[in-house]
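Report on one structure; see the data block that follows.
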Amino acid sequence: MPSDTIAELASRLLALDEGDLTPREKAVIERAARRLAVSRNINVEFQESFTFGQRVADRVAEIGGSWTFIIGFLTFVALWMLLNTWLVFARPFDPYPFIFLNLILSLLAAVQAPVIIMSQNRQAAKDRLSAAHDYEVNLKAEIEIAALHEKLDQIRAHELAMLVERTCGPQASSTESSK
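Under our numbering, the first residue of the sequence shown is numbered -8, with each subsequent residue one higher.
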């Protein structure tokens, strides 16, 4: 297999012409022909390209989507309402209907929603990259399996020729191979 060209591998193992291959498929076949690994850590590659803002957005989305945040947030709102309801006699800073609390909640939603969407978009891009990498690994595995099948077929044919030669004599082997 190392001496095979990409065109030979593509036609023999994948039943495709070299022109029908995508650049990704050509690269995988090249690596298979040179016995190079295709696998790599996509997570490290992807996270190395993040900017500081993207890391912050992912962390905000991670915290905002946790039970700790939900419980803490509900506790904050309940305390806010209790404080401003019980302090009704002592001049509350945000009396009922809690206009300032409403403003804080609206601002939180206005900031948190785009940050979460940005994080989801990055996750989708990472998933696409991971799927493309999985395709490369699967294609290389398919090529390697097909090459192993070829080798096994060659070994089986050689063993069969040896058995025929042993049982029927040398002339039977030469007549079998000429057919």
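Ideal placement from N, C-alpha and C gives every residue a C-beta, glycine not left out.
Buried or exposed (CB count within 10 angstroms, at least 16 for buried), residue i
i, result
"residue 47", "exposed"
"residue 49", "buried"
"residue 57", "exposed"
"residue 134", "buried"
Chain-order list of residues whose beta-carbon lies under 7 angstroms from that of residue i (same chain, five-residue window excluded)
i, result
"residue 127", "15, 19, 29"
"residue 107", "52, 55"
"residue 22", "29, 131"
Span separating the alpha-carbon of residue i from that of residue j
i, j, result
"residue 44", "residue 54", "15 angstroms"
"residue 152", "residue 144", "12 angstroms"
"residue 93", "residue 113", "30 angstroms"
"residue 75", "residue 66", "14 angstroms"
"residue 136", "residue 27", "15 angstroms"
"residue 86", "residue 78", "9 angstroms"
"residue -7", "residue 119", "With a pLDDT of only 48 at residue -7, under 50, the local geometry of the prediction cannot be trusted, and no value is derived from it."
"residue 146", "residue 32", "36 angstroms"
"residue 62", "residue 71", "14 angstroms"
"residue 141", "residue 148", "10 angstroms"
"residue 111", "residue 105", "10 angstroms"
"residue 158", "residue 10", "47 angstroms"
"residue 91", "residue 39", "40 angstroms"
"residue 81", "residue 88", "17 angstroms"
Local conformation of residue i per DSSP, three classes
i, result
"residue 158", "helix"
"residue -8", "Bear in mind that a pLDDT of 48 at residue -8, under 50, signals an unreliable position, so the model cannot answer this."
"residue 27", "coil"
"residue 48", "helix"
"residue 126", "helix"
"residue 34", "helix"
"residue 63", "helix"
"residue 117", "helix"
"residue 97", "helix"
"residue 81", "coil"
"residue 55", "helix"
Reference residue i; option with closest CA among the options
i, options, result
"residue 35", "121, 151, 112, 135", "121"
"residue 96", "23, 64, 84, 125", "64"
"residue 41", "69, 117, 98", "117"
"residue 124", "37, 12, 10", "37"
"residue 99", "60, 150, 81, 12", "60"
Neighbourhood of residue i by C-beta, 6 angstroms cutoff - its chain only, sequence neighbours within 5 removed
i, result
"residue 83", "75"
"residue 68", "none"
"residue 109", "48"
heavy atom of the ligand SAH below 8 angstroms from residue i C-beta
i, result
"residue 142", "The ligand SAH is absent from the structure shown, which contains no ligands of any kind."
Neighbourhood of residue i by C-beta, 8 angstroms cutoff - its chain only, sequence neighbours within 5 removed
i, result
"residue 13", "none"
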